[in-house]
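Asks: Got a structure for you, written out below as structure tokens; questions coming shortly.
Spelled out as structure tokens, the structure:
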């Protein structure tokens with residue numbers, strides 16, 4: 001006697017780092033009776049078939065969703081509206097439609113208009129990833145211990161929210177529910193602005209006339225190399241994030257710049273105490289992140305582990 | 001028949017992350033006949049004796065250097081002048097005096113006036129470290145594959161430069177020689193400004209009224225956590241770096257801010273192509289850093305390694 005899986009058919013649209021990690025995880029955890037992988041790229045679909053991490057693989061998104069009990073769109077946030085428009089007419093009543101995008105207000109705006117009655121749209125964001133992209137970069141443990149944020153709109157069926165929560169918990173995640181706008185502000189500071197300043201400093205470094213690129217690379221272990229990891233993230237995905245979370249990013253960026261200019265002034269005027277105070281305060285946050293197992297305690301991220 | 005070690009007596013002043021890493025490495029590689037550890041803290045000296053990674057350990061810096069063939073000051077850059085003043089009168093002719101500070105123009109200015117004739121002052125900077133500090137955080141492989149930059153002033157004895165190069169190569173480093181001012185500019189972009197913006201964003205995050213600190217910590221895996229590692233570095237050391245490399249830091253910081261404001265404008269006006277172009281360009285630098293073995297190729301710095 002075995003329990004039925006949580007969902008009969010799960011369809012993943014977009015098989016990159018996140019989509020392929022979900023697919024791989026679903027091979028290990030019995031959350032789906034059947035997994036269908038859809039991607040607009042023939043090459044990606046061929047790769048999915050080769051690696052065998054879905055029961056079916058197709059470029060036909062409409063066909064892929066027609067029997068689905070759960071559809072998860074794993075495409076750049078700028079492409080979510082187009083996906084919703086294609087799949088909307090083919091969704092069956094009771095289906096849960098979700099996504100994995102890094103912005104949430106924009107997902108609601110793009111997808112909700114295309115959802116037929118009886119379909120539950122529950123935007124979601126697993127806060128997990130690496131700097132690599134594409135179907136070969138996924139791995140089933142990606143979501144272990146990471147948070148997945150659900151941002152249902154008012155009046156969403158609580159049972160559907162519960163079911164989607166159980167799905168992400170089954171993948172190893174912890175689940176939090178919040179409003180889309182609040183998500184967008186939280187992620188602006190914990191993810192979007194950090195990515196922007198990482199991209200920016202790598203750009204600044206490569207544009208300096210008095211320091212060669214070869215010097216930047218050689219001496220990157222002084223700190224710079226940490227930023228290059230994030231600045232190697234997928235350009236399409238990140239372009240879309242900034243265009244689709246403009247307001248919150250600009251708000252947080254304004255604060256960042258204001259604070260940075262205050263530090264600049266401290267340096268110019270030799271105000272060591274102010275610098276020391278900030279540098280002491282910031283240590284506590286690192287400690288909390290490690291205590292809450294959101295990062296490794298190993299020095300240097302464990303790079304020196306033998 | 002064994003070769004004599006490169007130096008008879010090596011004295012390390014300041015036994016934190018770097019000093020204790022050198023001491024530990026000298027237990028494995030025969031570069032010093034005798035290693036003397038000096039530190040102004042009784043507690044640190046007690047710890048050195050307990051761990052046994054020096055032949056002698058003392059709080060008396062003057063006594064510690066009197067027989068030394070090589071002295072390396074491993075203290076925050078703001079303390080280098082005071083160390084030089086104490087040890088200057090006790091140095092023997094032919095001794096090489098060096099350091100491991102992250103700024104170099106300031107080291108020359110602080111230490112050179114206290115060097116007696118016949119002593120070779122050769123400032124040095126091993127570009128290696130972790131976010132941890134203190135005598136227990138060192139390890140002998142810290143310098144493996146990392147660059148050590150020597151910044152001799154004009155007319156320094158070439159034989160002394162060669163000998164110090166051989167020492168660092170013996171510790172596993174690659175050695176580069178450059179002028180102190182150029183070092184300070186290169187490190188401003190590869191290390192100092194990256195640290196400043198890491199400290200700054202952690203400060204900004206903890207000051208936001210609309211996002212709680214608990215949210216920042218929970219969702220830090222979106223990118224923010226990477227910055228907290230660097231922002232957990234030693235506050236005294238980093239205060240001193242900014243105060244002692246003011247000019248170069250302010251120059252690079254000006255460029256960083258100018259570039260960031262251009263990105264901010266791109267976001268405000270929805271100029272996705274400019275964002276995409278930058279985000280594509282920055283990937284190449286990451287690749288070069290990995291190719292030159294200055295960082296791991298593992299996704300996410302290898303955090304997910306089992």
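Residue numbers (UniProt numbering), protein chains in the order written: chain A, 1 to 306; chain B, 1 to 306. Where is the CB? At the ideal position from N, CA and C, for every residue including glycine. Small disclaimer: the values here were computed from a predicted structure and weren't measured.
Establish whether the CB of residue 286/B and some CB of chain A are separated by less than 7 angstroms.
Replies: Within the second chain, residue 286/B is the residue found at index 286, counting from 1. Yes, because at least one Cβ of chain A sits closer than 7 angstroms to the Cβ of residue 286/B.
Asks: Quick check: what's the CA-CA separation for residue 256/B versus residue 258/A?
Replies: If you number the second chain from 1, residue 256/B lands on position 256. If you number the first chain from 1, residue 258/A lands on position 258. Cα-Cα distance, rounded: 14 angstroms.
Asks: Could you check if residue 218/B is buried or exposed, using at least 16 other CB atoms within 10 Å of its CB as the buried criterion?
Replies: Counting from 1 along the second chain, the entry for residue 218/B is found at position 218. Answer is buried; the Cβ neighbour count reaches 16.
Asks: May I have the straight-line CA-CA distance separating residue 113/A from residue 234/A, to the nearest angstrom?
Replies: Residue numbering aside, residue 113/A sits at position 113 when the first chain is read from its first letter. Residue numbering aside, residue 234/A sits at position 234 when the first chain is read from its first letter. If you take the alpha carbons of residue 113/A and residue 234/A, they lie about 28 angstroms apart.
Asks: Whole alpha helix (DSSP H) runs in the region 59-132 of chain B with 4 or more residues, listed along the chain?
Replies: You should have 61-65, 80-87, 105-111.
Asks: Let me know the secondary structure DSSP gives residue 168/B once reduced to three states.
Replies: As a position in the second chain, residue 168/B is number 168, starting the count at 1. Reduced to three states, the DSSP call for residue 168/B is helix.
Asks: Taking residue 131/A as the query, report the chain B residues whose CB atoms sit under 8 angstroms from its CB, ordered along the chain.
Replies: In the first chain, counting from the first residue as 1, residue 131/A sits at position 131. By Cβ distance, chain B contributes 286, 299, 300.
Asks: Less than 7 angstroms between CB atoms is the rule here; does residue 1/B satisfy it with respect to chain A?
Replies: Position 1 of the second chain, counted from the start, is the residue given in the question as residue 1/B. Here the model assigns residue 1/B a pLDDT of 43, short of 50, so the residue's position is not dependable, and the following value carries that caveat. For residue 1/B, the answer is no, since every Cβ of chain A falls outside 7 angstroms of its Cβ.
Asks: Can you give me the start and stop residues for the alpha helix (DSSP H) that residue 52/B sits inside?
Replies: The residue you call residue 52/B lines up with position 52 of the second chain. Per DSSP, residue 52/B belongs to no alpha helix (DSSP H) and is neither H nor E.
Asks: For residue 34/B, does the three-state DSSP call read helix, strand or coil?
Replies: On the second chain, position 34 is the one that residue 34/B refers to. Three-state result, residue 34/B: strand.
Asks: Which whole runs of the beta strand (DSSP E) in the region 200-249 of chain A are 3 residues long or more, in chain order?
Replies: DSSP runs (the beta strand (DSSP E)) wholly in the region 200-249 of chain A: none.
Asks: With 16 as the cutoff for other CB atoms within 10 Å, does residue 159/B come out buried or exposed?
Replies: On the second chain, position 159 is the one that residue 159/B refers to. Exposed, since its Cβ has fewer than 16 Cβ neighbours within 10 Å.
Asks: Report yes if the CB atom of residue 64/A is closer than 7 angstroms to the CB atom of residue 36/A, and no otherwise.
Replies: The count along the first chain starts at 1 and reaches residue 64/A at position 64. The count along the first chain starts at 1 and reaches residue 36/A at position 36. Their beta carbons are under 7 angstroms apart, which means residue 64/A touches residue 36/A by this criterion.
Asks: So, is residue 265/A buried or exposed, given that buried needs 16 or more other C-beta atoms within 10 angstroms?
Replies: Within the first chain, the letter at position 265 stands for residue 265/A. Classification of residue 265/A: exposed, given that the 10 Å Cβ count is below 16.
Asks: Using C-beta distances below 6 angstroms, list every residue in its chain close to residue 9/A, excluding the 5 sequence neighbours before and after it, in chain order.
Replies: The count along the first chain starts at 1 and reaches residue 9/A at position 9. Cβ neighbours of residue 9/A beyond the five flanking positions: 34, 67, 68, 69.
Asks: With 8 angstroms as the C-beta to C-beta threshold (strictly closer), list the residues of the region 158-173 of chain A near chain B in chain order.
Replies: Hits within the stretch: zero.
Asks: Closest Cβ-Cβ distance between residue 53/B and chain A: below 7 angstroms?
Replies: For the purposes of this step, residue 53/B is identified with residue 53 of the second chain, where counting begins at 1. No, residue 53/B lies away from the interface with chain A (no Cβ there is under 7 angstroms from its Cβ).
Asks: Let's see if you can read the secondary structure: which residues bound the beta strand (DSSP E) around residue 175/A?
Replies: Here the question's residue 175/A lines up with position 175 in the first chain. Element bounds for residue 175/A: 174-177.
Asks: Excluding the 5 residues flanking residue 31/A on each side, which residues of the same chain have their C-beta closer than 7 angstroms to its C-beta?
Replies: The residue labelled residue 31/A in the question sits at position 31 within the first chain. Closer than 7 angstroms at Cβ, skipping near neighbours: 5, 6, 7, 167, 170.
Asks: Three Cβ pairs or more, each shorter than 8 angstroms: is that satisfied between the region 124-141 of chain A and the region 267-281 of chain A?
Replies: They do not touch, by the three-pair rule.
Asks: Do residue 187/A and residue 199/B have their C-beta atoms within less than 7 angstroms of each other?
Replies: What you label residue 187/A is simply residue 187 of the first chain in a count that begins at 1. What you label residue 199/B is simply residue 199 of the second chain in a count that begins at 1. Contact: no.
Asks: Give the residues from the region 213-233 of chain A that approach chain B closer than 8 angstroms (Cβ to any Cβ), ordered along the chain.
Replies: Here the close residues are 213, 215, 216, 217, 218, 219, 220, 221, 222, 223, 224, 225, 226, 227, 228, 229, 230, 231, 232, 233.
Asks: Going by DSSP in three states, residue 9/A sits in which element: helix, strand or coil?
Replies: Numbered from 1 along the first chain, position 9 holds the residue referred to as residue 9/A. Of the three classes helix, strand and coil, the one that applies to residue 9/A here is strand, per DSSP.
Asks: In whole angstroms, what is the alpha-carbon distance linking residue 193/B and residue 19/B?
Replies: In the second chain, the residue the question calls residue 193/B occupies position 193. In the second chain, the residue the question calls residue 19/B occupies position 19. So the alpha carbons of these two residues sit roughly 24 angstroms apart.
Asks: With residue 150/B as the anchor, note down where its alpha helix (DSSP H) starts and where it stops.
Replies: Locating residue 150/B in the second chain gives position 150, where the first residue counts as 1. Per DSSP, residue 150/B belongs to no alpha helix (DSSP H); it is in the beta strand (DSSP E), 147-150.
Asks: Just how far apart, CA to CA, sit residue 306/B and residue 117/B?
Replies: Indexing the second chain from 1 puts residue 306/B at position 306. Indexing the second chain from 1 puts residue 117/B at position 117. In this prediction, residue 306/B scores a pLDDT of 42, lower than 50, which makes its location untrustworthy; the coordinate-derived value is nonetheless stated afterwards. Cα to Cα, the separation comes out at about 56 angstroms.
Asks: What residues from the region 190-203 of chain A come within 9 angstroms of chain B, judged by C-beta to C-beta, listed N to C?
Replies: Those residues of the region 190-203 of chain A that come within reach of chain B (Cβ to Cβ, closer than 9 angstroms) are 190, 191, 192, 193, 194, 195, 196, 197, 198, 199, 200, 201, 202, 203.
Asks: Could you tell me if residue 214/A is buried or exposed, where buried requires 16 or more neighbouring beta carbons within 10 angstroms of its beta carbon?
Replies: Within the first chain, the letter at position 214 stands for residue 214/A. Label assigned to residue 214/A: exposed.
Asks: By the DSSP assignment, the alpha helix (DSSP H) with residue 273/B in it spans what residues?
Replies: Start at 1 with the first residue of the second chain, and residue 273/B comes out as number 273. Taken as a continuous stretch (DSSP letters only), the alpha helix (DSSP H) holding residue 273/B covers 272-291.
Asks: Do we get a CB-CB distance below 7 angstroms when we pair residue 28/B with the residues of chain A?
Replies: In the second chain, residue 28/B corresponds to position 28, counting from 1. No, residue 28/B does not count as interfacial toward chain A.
Asks: Pick from 16/B, 201/B, 154/B, 175/B: whose alpha carbon is nearest that of residue 231/B?
Replies: Taking the first residue of the second chain as 1, we reach residue 231/B at position 231. That would be 201/B, whose Cα lies nearest to the Cα of residue 231/B.
Asks: Counting only beta-carbon atoms, is residue 87/A nearer than 7 angstroms to chain B?
Replies: Against the first chain, residue 87/A aligns to sequence position 87. Chain B, which has no Cβ nearer than 7 angstroms to the Cβ of residue 87/A, makes this no.
Asks: For chain B, find out if any of its Cβ atoms is closer than 7 angstroms to the Cβ of residue 238/A; answer yes or no.
Replies: Counting from 1 along the first chain, the entry for residue 238/A is found at position 238. Residue 238/A counts as touching chain B.
Asks: How long is the line joining the alpha carbons of residue 296/B and residue 151/A, rounded to whole angstroms?
Replies: Position 296 of the second chain, counted from the start, is the residue given in the question as residue 296/B. Position 151 of the first chain, counted from the start, is the residue given in the question as residue 151/A. Their Cα atoms are separated by approximately 35 angstroms.
Asks: Could you check how far apart the C-beta atoms of residue 240/B and residue 77/B are, in whole angstroms? I think they sit under 8 angstroms.
Replies: Residue mapping note: residue 240/B aligns to position 240 of the second chain, counting from 1. Residue mapping note: residue 77/B aligns to position 77 of the second chain, counting from 1. About 5 angstroms separates the two Cβ atoms, so the contact holds.
Asks: Counting Cβ pairs closer than 8 angstroms, one from the region 90-109 of chain A and one from the region 121-131 of chain A, do we hit at least three?
Replies: The answer is yes - the region 121-131 of chain A touches the region 90-109 of chain A, with three or more Cβ pairs under 8 angstroms.
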